[in-house]
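To start, the structure itself, in structure tokens.
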Amino acid sequence: MHGLILDNFAMHISLSDEEKEHVLFKLQYKKIKKNTALLKAGKVCANIDFVQSTPHGITLVFLKKEI
37 MHGLILDNFA
47 MHISLSDEEK
57 EHVLFKLQYK
67 KIKKNTALLK
77 AGKVCANIDF
87 VQSTPHGITL
97 VFLKKEI
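The numbers in my numbering rise by one with no breaks, and the one at position 24 of the sequence shown is 60.
As structure tokens, then:
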């Protein structure tokens, strides 16, 4: 999973090894049920979400925007 996120970032920006390590340190995993809203109307988004669909469901990884 980490490789997929770093590959996605690499399509847009270059990160040093230190920056990659910092991003990976900040990652948090969260399992969510199908059809769960990630953000409700009127709420402020506090995360950067990365959703991966797998044969067994959905994997959600998020970063706090403070990075």
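The beta carbon of each residue, even a glycine, is placed where N, CA and C say it ideally should be.
Only a predicted model underlies this, so the values are computations on that prediction, with no experimental measurement involved.
Residue i versus residue j - alpha carbon distance
i, j, result
"residue 42", "residue 65", "15 angstroms"
"residue 44", "residue 62", "16 angstroms"
"residue 35", "residue 71", "The first residue shown for the chain is 37 and the last is 103, placing residue 35 beyond what the model contains."
"residue 81", "residue 55", "23 angstroms"
Contact under 8 angstroms by Cβ, residue i with residue j
i, j, result
"residue 60", "residue 38", "yes"
"residue 40", "residue 88", "yes"
Coil, strand or helix - residue i by DSSP
i, result
"residue 71", "coil"
"residue 55", "helix"
"residue 62", "helix"
Delimiting residues of the alpha helix (DSSP H) encompassing residue i
i, result
"residue 110", "The structure shown has nothing for residue 110, since the chain only spans 37 to 103."
Minimum C-alpha distance to residue i - residue among the options
i, options, result
"residue 68", "85, 78 and 77", "85"
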